[in-house]
Every structure is written in C-alpha cells, then in structure tokens.
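Written below as structure tokens is the structure these notes are about.
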Amino acid sequence: FQIERIIAGSDGVPRARAGRITLKVWDGRPKSIPTPIFMPVGTVGSVKAMTPEEVEGTGAKIILGNTYHLYLRPGHERVERLGGLSKMMSWAGPTLTDSGGFQVFSLAALNKIDDEGVTFQSHLDGSTHRFTPELSMQIQWALASDIVMAFDQCPPYPATREQVMAAIQRTLKWAERGLRIRLKPHQARFGIFQG
Numbered sequence: 004f005q006i007e008r009i010i011a012g013s014d015g016v017p018r019a020r021a022g023r024i025t026l027k028v029w030d031g032r033p034k035s036i037p038t039p040i041f042m043p044v045g046t047v048g049s050v051k052a053m054t055p056e057e058v059e060g061t062g063a064k065i066i067l068g069n070t071y072h073l074y075l076r077p078g079h080e081r082v083e084r085l086g087g088l089s090k091m092m093s094w095a096g097p098t099l100t101d102s103g104g105f106q107v108f109s110l111a112a113l114n115k116i117d118d119e120g121v122t123f124q125s126h127l128d129g130s131t132h133r134f135t136p137e138l139s140m141q142i143q144w145a146l147a148s149d150i151v152m153a154f155d156q157c158p159p160y161p162a163t164r165e166q167v168m169a170a171i172q173r174t175l176k177w178a179e180r181g182l183r184i185r186l187k188p189h190q191a192r193f194g195i196f197q198g
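Take any residue in the sequence shown, count from 1 to its spot, add 3: that is its number in my numbering.
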C-alpha cells in the first residue's frame with residue numbers, strides 16, 4: 004500500500020488520504036486499486052443483476068466475495084475446481100474475500116462461539132458447521148481471492164466494554180492462528196477490526 008496524497012480540508016488540516024494497493028493477482032499481472040474505492044459485493048460469486056462487463060463499466064476495480072456463503076453454496080472445493088473465484092466469475096480484476104466472521108456472528112441465534120472457533124447452523128438447511136481461523140484461511144486459499152481477510156469475532160451492537168474487549172482479544176488470538184496457514188503466492192492477508 005502506498006499513500007499517494009493527503010487531502011486537506013479548507014483549514015489545511017488533513018482530512019483523508021488517497022492511496023494505491025498493488026496486487027499480483029491470479030493471472031500473474033499486477034493490478035492496481037486506488038483507495039478509497041467502491042467495492043461491489045458479489046456474495047456468491049456474482050454481482051446481482053450485472054455482468055462482469057457491466058461491473059467493470061461502473062469503474063469498479065475489485066469485487067468482494069463472501070466466504071461464508073461461498074462455503075455453503077456452491078462450495079469452496081467447487082470454486083477451486085473452476086479455477087478460483089475470479090475465473091468462476093469471469094472477472095479480470097482482483098477479488099477480496101471476507102473471513103465469514105460477520106455472517107456467522109450475525110446469525111447469533113444459530114451459533115455458539117468459543118475460543119477455538121464458531122459452531123453454526125446453515126441458514127439454508129439447518130446443517131451444523133464449524134469455522135475456525137484455520138478453516139477460514141483454508142477456504143479462502145481454495146477460493147484463490149487476491150485479498151484474504153483474517154477470521155474475526157464481530158461483537159453485537161450495542162455491546163458492553165467487556166464484550167468488545169473480549170471480542171478484540173479473541174480476534175487477535177485467531178489472527179495469530181490464521182497466520183500459520185500458508186496462502187497462495189498471489190494472496191495478500193489483511194486483518195480486520197469491526198465497528
């Protein structure tokens with residue numbers, strides 16, 4: 004990541020920064036993403052009601068895929084057999100996959116959180132699944148996304164200070180565990196902090 008310029012307000016005080024993320028994506032060609040940027044969401048491998056060409060026509064440079072949803076349907080193994088998320092979508096640009104943490108935790112009535120990970124029920128068929136920091140990394144490895152997000156605990160809102168601190172500590176421990184999982188050479192690993 005390289006900061007290209009600082010944007011100041013009328014009083015001369017810095018208000019924002021513009022930068023550029025350069026990635027080596029699945030096809031071996033470096034891709035550049037200006038920041039800040041609008042990132043369309045392709046939850047299960049497509050931006051609803053748009054072709055990849057139409058998404059590109061909006062000026063979008065990256066698409067977000069959802070690890071939780073791609074794990075459940077069509078399945079990360081199938082996406083891997085199809086050549087990864089970008090190839091499956093026919094998208095020439097970079098992709099980012101979230102960790103699955105937000106979706107797992109947003110289904111609070113269907114999950115059980117402990118220090119090792121999260122056991123949850125599928126919103127599709129009620130089947131039981133377990134995500135750990137390691138499995139989140141392994142799923143994203145199979146999806147072959149260009150930016151991989153660390154598995155995190157997303158605390159509810161509102162939350163007490165104690166709940167937030169416990170979620171932060173668990174997220175940090177999970178990030179350390181996730182770092183032990185090897186990714187593909189083109190994949191960049193990013194941390195996340197919710198809220």
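Cβ atoms here follow ideal geometry from the backbone N, Cα and C, with glycine treated the same way.
Fair warning: this is a prediction, and the values are worked out from it, not measured in the lab.
Using the DSSP secondary-structure output, state which residues sit across from T38 in a beta bridge.
Here residue 38 refers to the residue found at position 35 when the sequence shown is read from its first residue. Beta-bridge pairing links T38 to G22.
Quick check on the burial criterion: 16 or more other C-beta atoms within 10 angstroms. Buried or exposed for Y160?
Here residue 160 refers to the residue found at position 157 of the sequence shown. The residue is exposed, with fewer than 16 neighbouring Cβ atoms inside 10 Å.
Quick check: what's the CA-CA separation for P25 versus I36?
Mapped onto the sequence shown, residue 25 falls at position 22. Mapped onto the sequence shown, residue 36 falls at position 33. Correcting the residue identity first, residue 25 is Thr in this sequence and not Pro. Distance between the alpha carbons of T25 and I36: 6 Å.
Could you tell me how far apart the beta carbons of L73 and V44 are, in whole angstroms, since I believe they sit closer than 8 Å?
Here residue 73 refers to the residue found at position 70 of the sequence shown. Here residue 44 refers to the residue found at position 41 of the sequence shown. With a Cβ gap of about 12 Å, L73 and V44 do not count as contacting.
Which of the three DSSP states, helix, strand or coil, is assigned to V16?
By 1-based counting over the sequence shown, the position of residue 16 is 13. In the structure shown, V16 sits in coil (DSSP, three-state: anything other than H, G, I, E or B).
Pull up the DSSP beta-bridge partners for T3, would you.
In the structure as shown, the chain begins at 4 and stops at 198. Residue 3 is therefore absent and cannot be evaluated.
Among the residues of its own chain, which have a CB less than 6 Å from the CB of F105, if the five just before and after it don't count?
One-based indexing of the sequence shown puts residue 105 at position 102. The answer, listed in chain order, is C157.
For W94 and I116, which I take to be in contact (beta-carbon distance under 8 Å), what is that distance rounded to the nearest angstrom?
Residue mapping note: residue 94 aligns to position 91 of the sequence shown, counting from 1. Residue mapping note: residue 116 aligns to position 113 of the sequence shown, counting from 1. The pair is not a contact, with the Cβ atoms about 33 Å apart (cut-off 8 Å).
With distances taken Cα to Cα, identify the nearest neighbour of M42 among V82, G87, E7 and G96.
What you label residue 42 is simply residue 39 of the sequence shown in a count that begins at 1. For the residues V82, G87, E7 and G96, the minimum Cα distance to M42 belongs to G96.
Alpha carbon to alpha carbon, how far is A147 from E80? Give it in angstroms, no decimals.
Locating residue 80 in the sequence shown gives position 77, counting from the first residue. Locating residue 147 in the sequence shown gives position 144, counting from the first residue. Roughly 11 Å between the two C-alpha positions.
Which value, in whole angstroms, describes the spacing of the CA atoms of D14 and R20?
Numbered from its first residue, the sequence shown carries residue 14 at position 11. Numbered from its first residue, the sequence shown carries residue 20 at position 17. If I take the Cα positions, the gap works out to 16 Å.
To test your reading of the DSSP string, which unbroken beta strand (DSSP E) runs of 3 or more residues are found completely within the region 104-181?
You should have 114-117, 120-124, 131-134 and 150-152.
Do you know how far the Cα of A162 is from the Cα of F123?
Along the sequence shown, read from residue 1 onward, the residue named residue 123 stands at position 120. Along the sequence shown, read from residue 1 onward, the residue named residue 162 stands at position 159. Cα-Cα distance, rounded: 21 Å.
Taking the straight line between their C-alpha atoms, what separation do you get for I10 and K34?
Along the sequence shown, read from residue 1 onward, the residue named residue 10 stands at position 7. Along the sequence shown, read from residue 1 onward, the residue named residue 34 stands at position 31. Going from the Cα of I10 to the Cα of K34 covers about 24 Å.
So R133 and V121 are in contact, right, with Cβ under 8 Å, and what is the actual spacing, rounded?
Taking the first residue of the sequence shown as position 1, residue 133 is located at position 130. Taking the first residue of the sequence shown as position 1, residue 121 is located at position 118. Indeed, because the Cβ distance is near 7 Å, the residues count as touching under 8 Å.
Please classify A145 as buried or exposed, where buried requires at least 16 neighbouring CB atoms within 10 angstroms.
Indexing the sequence shown from 1 puts residue 145 at position 142. It is buried - the Cβ of A145 has at least 16 other Cβ atoms within 10 Å.
Please name the residue, chosen from R185, S139, N114 and E59, that lies closest to G129 on a Cα-to-Cα basis.
One-based indexing of the sequence shown puts residue 129 at position 126. When each option's Cα is compared against that of G129, the closest is N114.
Looking at the unbroken alpha helix (DSSP H) that takes in R192, where does it start and where does it end?
As a first step, residue 192 must be located in the sequence shown, where it is residue number 189. No alpha helix (DSSP H) holds R192; the beta strand (DSSP E) holding it covers A191 to F193.
Could you have a look at P55 and say whether DSSP puts it in helix, strand or coil?
On the sequence shown, residue 55 is found 52 positions in, with the first residue counted as 1. Helix at P55.
What residues in its chain sit with their C-beta under 7 Å from that of A112, if we drop five residues either side in the sequence?
For this step, residue 112 is matched to residue 109 along the sequence shown. Same-chain partners within the cutoff: there are none.
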